[in-house]
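The C-terminal position of the sequence shown is numbered 144 in the numbering used here, with every residue numbered one higher than the one before it.
Every residue gets a Cβ at the ideal spot worked out from N, C-alpha and C, and that includes glycine.
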Amino acid sequence: MTIAEVAPRLARGEVKSEKLTEECLSQIEALNPKLNAFITVMADEALAMARAADRDIAGGRYRGPLHGIPMSLKDLIDLKGVRTSAGSLVRADHVATEDAVVTARLRQAGAVFVGKTNLHEFAFGTTTEDSGFGLAHNPVDATR
Numbered sequence: 001m002t003i004a005e006v007a008p009r010l011a012r013g014e015v016k017s018e019k020l021t022e023e024c025l026s027q028i029e030a031l032n033p034k035l036n037a038f039i040t041v042m043a044d045e046a047l048a049m050a051r052a053a054d055r056d057i058a059g060g061r062y063r064g065p066l067h068g069i070p071m072s073l074k075d076l077i078d079l080k081g082v083r084t085s086a087g088s089l090v091r092a093d094h095v096a097t098e099d100a101v102v103t104a105r106l107r108q109a110g111a112v113f114v115g116k117t118n119l120h121e122f123a124f125g126t127t128t129e130d131s132g133f134g135l136a137h138n139p140v141d142a143t144r
């Protein structure tokens, strides 16, 4: 289901953000050992954000098409209180002290952050072959 399909259903209360987030987290748990797509998974935080989104929407405070939508951020983008390694072991313990502008805007729109995804070290490449956290695999063909 796309955001364009699910957002109106969230707005009408036909779909719950908590359920969508649980489904995303379930897929991450099942597939990440093979794909290595996520460096950081934020299950507890994501579920809390989803519940808050559901409460807001039920209370008539729908913020728009990203409200309650589970999503991830590349591990190059700061999310306050969460590690931002930029795919490098040099920054493996760096915890962001504030949100990046894009993160703040997504948060304001009601997005639900499920985690941070793998990338080429410092984004200096198009693959993850040089990630300190290992190679991420193509979900269509995990051999690549």
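Excluding the five sequence neighbours on either side, which residues of its own chain have a C-beta within less than 8 angstroms of the C-beta of Thr126, listed in chain order?
Start at 1 with the first residue of the sequence shown, and residue 126 comes out as number 126. For Thr126, where only same-chain residues beyond five positions count, the Cβ hits under 8 angstroms are His120.
Are the Cβ atoms of Ile69 and Thr103 separated by less than 7 angstroms?
Translated into positions along the sequence shown, residue 69 becomes position 69. Translated into positions along the sequence shown, residue 103 becomes position 103. For Ile69 and Thr103, no; Cβs fall outside 7 angstroms.
Tell me, please, whether the stretch 79-88 touches the stretch 48-66 by the rule of three or more beta-carbon pairs shorter than 8 angstroms.
Taking 8 angstroms as the limit for Cβ pairs, the verdict is that the stretch 48-66 does not touch the stretch 79-88.
Would you mind stating whether Thr117 and Phe38 have Cβ atoms separated by less than 7 angstroms?
By 1-based counting over the sequence shown, the position of residue 117 is 117. By 1-based counting over the sequence shown, the position of residue 38 is 38. Closer than 7 angstroms, so yes.
Quick test of your reading: Ser17 and Val112, contact by CB under 8 angstroms. State the CB separation rounded to the nearest angstrom.
Position 17 of the sequence shown, counted from the first residue, corresponds to residue 17. Position 112 of the sequence shown, counted from the first residue, corresponds to residue 112. Between Val112 and Ser17 the Cβ distance is about 6 angstroms, and since that is below 8 angstroms, they are a contact.
Give the C-beta separation of Ala48 and Val114 to the nearest angstrom, bearing in mind that I take them to be a contact with Cβ-Cβ under 8 angstroms.
Translated into the one-based positions of the sequence shown, residue 48 becomes position 48. Translated into the one-based positions of the sequence shown, residue 114 becomes position 114. Wrong, their Cβ atoms sit about 12 angstroms apart, outside the cutoff.
Starting from the N-terminal side, write out each stretch of the alpha helix (DSSP H) that is 4 residues or longer and does not extend beyond the stretch 75-137.
Fully enclosed alpha helix (DSSP H) runs of 4 or longer: 101-108.
Return the bridge partner residues of Met1 from the DSSP annotation.
Your numbering for residue 1 matches position 1 in the sequence shown. According to DSSP, which records beta bridges pairwise, Met1 is partnered with nothing at all.
With the cut-off set at 7 angstroms, would you say Lys80 and Asp93 are in Cβ contact?
The residue you call residue 80 lines up with position 80 of the sequence shown. The residue you call residue 93 lines up with position 93 of the sequence shown. Their beta carbons are not under 7 angstroms apart, which means Lys80 does not touch Asp93 by this criterion.
Under three-state DSSP, which class holds Leu49?
The residue labelled residue 49 in the question sits at position 49 within the sequence shown. Just to set this straight, residue 49 is Met in the shown sequence, not Leu. Residue state, collapsed to three classes: helix.
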